[in-house]
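Single-structure report; data block below.
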Amino acid sequence: MKFTYEGFPHRADELSAYIYGAGVFVLSLRSGVVIHHEPEDTDAFRNWLQHHRIRDVAATLPPHIYNVLVAHKK
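To convert, count from 1 in the sequence shown and add 833; that's the working numbering.
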């Protein structure tokens, strides 16, 4: 799989972590900058992130905290 994703201006090796909610990916770059991305195909973009082993912050949050964050973005 490529290090780039069509329509996304950053390479996989520039990314540190992400969280997804309400149709938006919030991504942390290794430089410390936080960006937002709304891909047309969320499943394909998530698969690309997972393939490149980009850390999913939601997987490390307790469910009650994650649920509050997701509900807040709606």
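All C-beta atoms, glycine included, are put in the ideal place defined by N, C-alpha and C.
Closest by C-alpha distance to G784, when choosing among D876, P895, Y838 = No answer is possible for residue 784: the residues shown for the chain start at 834 and end at 907.
Would you identify the three-state DSSP class for R879, choosing helix, strand or coil?
-> If you number the sequence shown from 1, residue 879 lands on position 46. R879 carries a helical assignment under DSSP once its states are collapsed to helix, strand and coil.
Could you check which residue in P896, S861, V901 has the C-alpha nearest to that of I852?
-> On the sequence shown, position 19 is the one that residue 852 refers to. That would be S861, whose Cα lies nearest to the Cα of I852.
Grouping DSSP H, G and I as helix and E and B as strand, with all else coil, what is V866?
-> By 1-based counting over the sequence shown, the position of residue 866 is 33. In the three-state scheme derived from DSSP, where H, G and I count as helix and E and B as strand, V866 is classed as coil.
Local conformation of A850 per DSSP, three classes = Within the sequence shown, residue 850 is the residue found at index 17, counting from 1. In the structure shown, A850 falls within a strand segment according to DSSP collapsed to helix, strand and coil.
Grouping DSSP H, G and I as helix and E and B as strand, with all else coil, what is V890?
-> Reading the sequence shown from its first residue, position 57 is the one you call residue 890. The answer is helix: DSSP assigns V890 an H, G or I state.
Might you give, ordered along the chain, the residues of its own chain that have their beta carbon closer than 6 Å to the beta carbon of A891, omitting 5 neighbours on each side?
-> Counted from its first residue, the sequence shown places residue 891 at position 58. Cβ within range, chain order: I852, Y899.
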